[in-house]
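What follows is a short report on a single structure.
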Amino acid sequence: MKISILKRVFAVCLTAALCLSMAACSSASSSSVADPVEPDDTIYCTAGGTVTMPDGFEYPDTAGTMALQLDDTTQTLAGNLYILRYKTSKYYFTTGTTMTFTITPKLTDTAGEDVTTKYTDANVALWKKGDNVAEYIKTVHFAADGTTQTYTFEGLEAGAEYRFAFTYTTSSRYRVSGNFNFTGISGQGSEDETAAAEA
Numbered sequence: 114m115k116i117s118i119l120k121r122v123f124a125v126c127l128t129a130a131l132c133l134s135m136a137a138c139s140s141a142s143s144s145s146v147a148d149p150v151e152p153d154d155t156i157y158c159t160a161g162g163t164v165t166m167p168d169g170f171e172y173p174d175t176a177g178t179m180a181l182q183l184d185d186t187t188q189t190l191a192g193n194l195y196i197l198r199y200k201t202s203k204y205y206f207t208t209g210t211t212m213t214f215t216i217t218p219k220l221t222d223t224a225g226e227d228v229t230t231k232y233t234d235a236n237v238a239l240w241k242k243g244d245n246v247a248e249y250i251k252t253v254h255f256a257a258d259g260t261t262q263t264y265t266f267e268g269l270e271a272g273a274e275y276r277f278a279f280t281y282t283t284s285s286r287y288r289v290s291g292n293f294n295f296t297g298i299s300g301q302g303s304e305d306e307t308a309a310a311e312a
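In the working numbering, the protein residues as written are 114 to 312.
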């Protein structure tokens, strides 16, 4: 009788041990499964391209400004950013359904002295003129590290008016400067300030 009872106790203990072991394995297996990673839909420029500045281009000398000059022959808008954090352009007409942006940006301190830092992320946003409202198209990021980078905006409306805005907010200690081109522009559009009513 005692042996029978001992066998039953042993069986119960063994069953309990197996259950605990399986539960631990299940917990470990569940914890080892990584959480799903959200897709990164950030758009970046790619390395390469050439920025061409026209003869006689007037470079700005006041911090926080942007100079622009349109070449009607090449349908290229040349520009220069000078020690800025944010700047938006006026509207320009596109020649077709694409527009290529190329930039050679760098970072400076607030006095315009070049700096080397990991906080290089800056961006340019494209907006389309609508009826009393600016329609947001997309934002493209670039690294303000002294290298030339490019991106082609596609699916635009030929002959429509677009404007662009540069932004650098990665670090309050620095500013972005540099030359850039937009190719595929036929002329300057309207002067009105639709920027105040962005969609």
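Beta carbons are placed, not taken as given, at the ideal position from N, Cα and C, and that holds for glycine.
Query, Result
"Backbone secondary structure at K203 - three-state DSSP", "coil"
"Minimum C-alpha distance to N193 - residue among G302, N294, G300", "N294"
"Residue range of the beta strand (DSSP E) that includes Q188", "Counting along the chain, Q188 falls outside any beta strand (DSSP E), and DSSP gives it neither H nor E."
"Contacts around C138, its chain only, beta-carbon distance under 6 Å, and the 5 residues preceding and following it disregarded", "Only weak support exists for where C138 lies, its pLDDT of 48 falling under 50; the value from the coordinates is given anyway. For C138, where only same-chain residues beyond five positions count, there are no Cβ hits under 6 Å."
"Endpoints, beta strand (DSSP E) assigned at T217", "212-222"
"Three or more C-beta pairs below 8 Å linking the region 193-205 and the region 282-298", "yes"
"DSSP state of V246 mapped onto helix, strand, coil", "coil"
"Contact belief for F170 with Q188 at Cβ below 8 Å, rounded distance in angstroms", "In fact, because the Cβ distance is near 16 Å, the residues do not count as touching under 8 Å."
"Whole-angstrom distance between A191 and A238, CA atom to CA atom", "17 Å"
"Spatial neighbours of G297 in its chain, beta-carbon cut-off 7 Å, leaving aside the 5 residues before and after", "Q188, T207, T208, G209, T211, M212, T213"
"Distance between Y204 and G300 (C-alpha atoms, nearest Å)", "9 Å"
"Close beta carbons around S303, own chain, < 6 Å, minus the five adjacent residues each side", "Y204"
"Alpha-carbon to alpha-carbon, T233 and F109", "Any property of residue 109 remains undetermined from this structure, which presents the chain solely from 114 to 312."
"Neighbour-count burial assignment, T98, 16 or more Cβ in a 10 Å radius", "Beyond the ends of the chain as shown, which are 114 and 312, falls residue 98; an answer cannot be given."
"C-alpha distance - I216 paired with D184, whole-angstrom precision", "17 Å"
"Local conformation of V164 per DSSP, three classes", "coil"
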